[in-house]
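> Following this message is one structure expressed as structure tokens.
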Amino acid sequence: MFDAEPLDVVAIGAGFAGLYMVYRLREQGFSVHGFERGDGVGGTWYWNRYPGARCDSEIMFYSFSFLPELEQEWPLTERYPGQPDILRYLEEVASRLDLRKDFTFGAEVTAIEFDEAADRWTLRTAQGHLATARYVVTAVGCLSAANQPGFPGADAFQGLSLHTGNWPREPVDFTGKRVAVIGTGASGIQAIPVIAGQAAHLTVFQRTAQFTIPAENGPLDEQFVALWKRNYPEWRRRARHSAAGFPYTPSITSALEVSEAERRAAFEAAWGAGGFTFLSGTFRDLALDEEANKTAADFVRAKIAEIVHDPDVADMLKPRDFPIGTKRLPLDTNYYETFNRQNVSLVDLRRTPVEEITPAGIRTTAGHHDLDVIVYATGFDALTGPLEALGIRGRGGQALRDAWREGPQTYLGVAVPGFPNLFTITGPGSPSVLSNMPVSIEQHVEWIGDCLAWLRGHGGEVIEATGQAAAGWTDHVQQVASVTLHPKAATWYMGANIPGKPRVFLPYIGGVSNYRDHCAAVAANGYGGFAVFPAPAPRPVGKGDDGTRPGDGRAA
Ligand code: NA7
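According to my numbering, the residues represented by the sequence shown are 269 to 824, in order.
What follows is the structure, given as structure tokens:
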């Protein structure tokens with residue numbers, strides 16, 4: 269029972285991160301219990317059940333690497349796994365590892381407070397659970413606090429209101445319905461073509477036009493799958509030591525050093541192949557140089573003009589106010605094509621903003637749209653939102669929300685000064701949303717597991733990032749971002765989608781491999797940048813810590 273006595277660790281969340289963290293710590297002999305808001309495992313893939321929800325990482329590497337048997341057995345059916353497939357995968361992981369017994373589901377954590385006298389955390393849920401533990405690990409995801417715009421009258425709408433990130437468990441039938449989708453980020457871009465195929469009429473409310481690249485999804489060839497599975501260890505190794513957790517080979521050519529014809533051929537080939545290699549695999553400077561970036565942006569704008577029949581609609585769909593790739597590049601299946609359908613219309617909210625939601629629909633400055641369903645595809649309070657929602661209070665009762673008023677201060681994205689014994693998996697300041705998530709999650713989980721083993725081996729009970737180390741890392745995160753075009757765009761990476769949120773670059777863009785090396789060096793250096801209490805006792809050189817090596821990639 270989790271509340272019978274103090275635990276070593278509580279973990280929050282039962283997605284990829286929480287499942288692996290609880291398993292890993294259980295295997296290491298810690299008493300650990302997880303709390304999960306949903307009624308089942310899955311995290312992102314539990315909540316995002318909207319039509320068309322699909323992962324933009326290819327299925328071959330959107331999975332755990334620490335389960336080699338499952339890796340071989342799991343069917344790799346289509347190039348990009350759909351939400352139901354990923355949820356099934358995580359359910360299978362939970363069953364194989366017998367993890368459900370170590371979680372309380374339907375438990376929304378609302379308060380986590382540090383008791384300085386006892387060096388323990390107390391956790392409470394909205395449903396009345398209470399637990400105490402020496403360590404807390406948050407595994408709440410980066411995109412799990414839905415951004416619900418405060419349009420006047422929204423509560424009075426008499427039809428169905430849905431948010432893509434908080435979708436009902438039962439499928440929604442749009443047949444014969446007049447539907448609105450507000451928002452054209454990755455979620456809207458996935459949902460819009462599918463909803464358009466069902467609804468009587470779909471009106472898309474667009475605030476900012478988005479670049480999107482064809483996913484080119486489809487079934488995977490059996491021979492390809494067999495070959496991939498034979499070489500899994502090497503693919504995994506490459507992904508771990510890559511820029512973004514994908515085993516792709518990045519381009520080494522500048523977009524500006526080739527002829528117009530060569531450039532066009534490279535973009536055309538990448539467009540035809542589908543996927544993120546449009547940016548990373550064509551030219552090396554698209555994320556760094558405005559002129560180079562413009563060549564890719566112009567290519568996509570020309571594609572939009574080619575695909576979309578109505579020139580006015582095509583014009584509205586062309587993104588103009590940010591460099592391509594500075595907003596997360598979505599992958600789509602027939603997104604631009606959908607605007608050629610008779611039952612789809614586009615409203616440009618820059619020209620005609622929403623005035624109010626009425627009981628019967630949406631009123632913009634240009635008139636009223638009668639609706640049965642409003643789908644908010646309006647995104648998330650990214651990275652900091654899910655952590656601040658937990659009601660975390662550290663030393664002196666300081667709220668995390670207050671500590672981060674000017675922007676998140678973290679050490680390695682995994683620890684926060686003033687919040688001892690708290691670890692944040694894929695927190696702000698880590699590669700997280702700029703990487704293939706399972707790769708980053710495994711690295712964090714293993715690093716945290718190693719750290720707790722090291723503490724246990726050294727008699728340490730409290731570990732806390734120093735203010736100096738966090739300030740240094742936080743500066744480094746911003747400096748690396750400033751070399752790229754990212755700070756030029758108002759994006760959720762910059763906190764720009766949430767009114768009042770500080771404008772700082774939230775994830776770490778220095779690369780998955782560099783980041784991994786950095787974390788391993790910190791561990792190898794006796795957790796430099798952290799204060800440890802009681803101070804570790806001196807140990808003979810070469811003596812192991814609890815059977816694990818810092819940075820080692822496997823559970824003990
Ligand atoms: P995103 O990428 O944040 O997209 C949200 C969309 O909603 C975007 O087009 C926003 O326009 C729009 N939005 C947000 N608030 C409003 C209001 N108040 N009015 C009108 N339009 C609004 O979220 P997604 O869920 O699509 O994707 C999140 C990530 O999930 C994705 O990047 C992947 O990593 C997976 P804006 O561009 O802010 O003008």
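Just so it is clear, CB atoms sit at the ideal spot from N, CA and C, and this is done for glycine as well.
With a threshold of 16 other CB atoms inside 10 Å of the CB of F544, please say whether the residue is buried or exposed.
Per the 10 Å Cβ criterion, buried.
> Ligand 1 and A454: does the residue's C-beta get closer than 6 Å to at least one heavy atom of that ligand?
A454 Cβ: within cutoff of ligand 1.
> Using 8 Å for Cβ pairs, my map puts G396 next to W315. What's the rounded Cβ distance?
The Cβ separation is near 23 Å, so there is no contact.
> Is R822 helix, strand or coil by DSSP?
Interpretation of R822 is limited by its pLDDT of 30, a score under 50 that renders its predicted location unreliable; the figure taken from the coordinates is listed afterwards. It is coil, neither helix nor strand.
> Got a sec: is the Cβ-Cβ distance from F535 to anything in chain B below 7 Å?
The structure shown contains no chain B; it is built from a single protein chain.
> So is the beta-carbon of W313 under 6 Å away from any non-hydrogen atom of ligand 2?
Among the ligands modelled here, namely ligand 1, ligand 2 does not occur.
> Once you ignore the five residues that flank V612 on each side, which residues in its own chain have a CB closer than 6 Å to its CB?
A464, L470, T606.
> What are the partner residues of S613, as DSSP defines its beta bridges?
Looking at the DSSP assignment, S613 forms a beta bridge with T471.
> Looking only at C-alpha atoms, which of W715, E384, F382, I327 sits nearest to W496?
The residue with the shortest Cα to Cα distance from W496 is I327.
> Whole angstroms are fine: how far does the CA of G662 sit from the CA of G456?
If I take the Cα positions, the gap works out to 37 Å.
> Tell me whether W342 sits in a helix, a strand or coil according to DSSP, three-state version.
In the structure shown, W342 sits in coil (DSSP, three-state: anything other than H, G, I, E or B).
> Between the stretch 378 to 388 and the stretch 672 to 682, do at least 3 Cβ pairs fall closer than 8 Å?
Verdict: no, contact absent.
> Which residue or residues does DSSP assign as beta-bridge partners of S522?
Note: S522 sits in no beta bridge, so no partner.
> Measure from the alpha carbon of L275 to the alpha carbon of each residue in L287, G286, G302, G281, then state which is nearest.
Comparing Cα positions, the closest option is G302.
> Beta carbon of F479, beta carbon of I630: below 7 Å?
No; because the gap between Cβ atoms is not below 7 Å, this pair is not in contact.
> Are the CB atoms of K369 and V641 within a distance shorter than 7 Å?
It is not a contact, given that the beta carbons lie outside the stated cut-off.
> On the three-pair Cβ rule with 8 Å, is the stretch 393 to 411 touching the stretch 691 to 701?
Contact holds: three or more Cβ-Cβ distances are below 8 Å.
> Tell me which residues share the same chain as P487 and place their Cβ nearer than 7 Å to its Cβ, disregarding the 5 neighbours each side in the sequence.
Closer than 7 Å at the Cβ level, and outside the excluded window around P487, lie T345, E346.
> With distances taken from CA atoms, which of N602, A634, F373 is nearest V622?
Ranking the options by Cα distance to V622, first place goes to A634.
> Beta-carbon within less than 6 Å of Y255's beta-carbon, same chain only, minus the 5 sequence neighbours each way: which residues are those?
One cannot answer for residue 255 here, as it falls past the ends of the chain, which runs 269 to 824.
> Of the choices H509, A657, E574, whose alpha-carbon is the least far from that of E376?
Considering only alpha carbons, the answer is A657.
> In angstroms, rounded to a whole number, what distance separates the CA positions of R305 and A573?
The alpha-carbon atoms of R305 and A573 are separated by roughly 44 Å.
> For L585, verify whether its CB is less than 6 Å away from any heavy atom of ligand 1.
Checking every heavy atom of ligand 1 against the Cβ of L585, none is found closer than 6 Å.
> Identify every run of the alpha helix (DSSP H) within the stretch 624 to 703, keeping only runs that are complete inside it and at least 4 residues long; order them along the chain.
Listed in chain order, the complete alpha helix (DSSP H) runs (minimum 4 residues) inside the stretch 624 to 703 are 652 to 656, 668 to 671.
> With a threshold of 16 other CB atoms inside 10 Å of the CB of D324, please say whether the residue is buried or exposed.
Label assigned to D324: buried.
> If you follow the alpha helix (DSSP H) that Y783 is part of, which residue opens it and which one closes it?
Here the alpha helix (DSSP H) through Y783 covers 780 to 792.
> Check whether the Cβ atoms of A414 and G659 lie closer than 7 Å to each other.
Cβ distance not < 7 Å, so A414 and G659 don't count as in contact.
> Report all residues from its chain with a CB closer than 7 Å to the CB of G812; omit the five preceding and five following residues, and keep chain order.
Confidence is the limiting factor: at G812 the pLDDT is only 44, short of 50, which leaves the residue's position unreliable, though a coordinate-based value still follows. Around G812: no qualifying Cβ.
> Less than 6 Å between the CB of L411 and some heavy atom of ligand 1, yes or no?
Yes, Cβ of L411 sits closer than 6 Å to a heavy atom of ligand 1.
> DSSP state of E558, grouped into three classes?
E558 falls in the helix class under three-state DSSP.
> Using CA atoms only, rank isn't needed, just tell me which of N485, N499, I450, G779 is closest to T601.
Answer by Cα proximity: N485.
> Which stretch, first to last residue, makes up the beta strand (DSSP E) that contains T545?
Looking at the DSSP string, T545 is not in any beta strand (DSSP E); the run it does join, the alpha helix (DSSP H), is 545 to 548.
> Keeping to the same chain, check which residues put their C-beta closer than 6 Å to that of G350; ignore five residues upstream and five downstream.
Correct list, in chain order: R322.
> Nearest by alpha-carbon distance to M762: which of G794, Y783, G653 is it?
Out of G794, Y783, G653, G653 has the C-alpha closest to the C-alpha of M762.
> Looking at C-alpha atoms only, which residue of P627, Y644, V643 is the closest neighbour of H636?
For the residues P627, Y644, V643, the minimum Cα distance to H636 belongs to P627.
> So, V462 versus A645, is the Cβ gap smaller than 7 Å?
Not in contact: V462 and A645 (Cβ atoms no closer than 7 Å).
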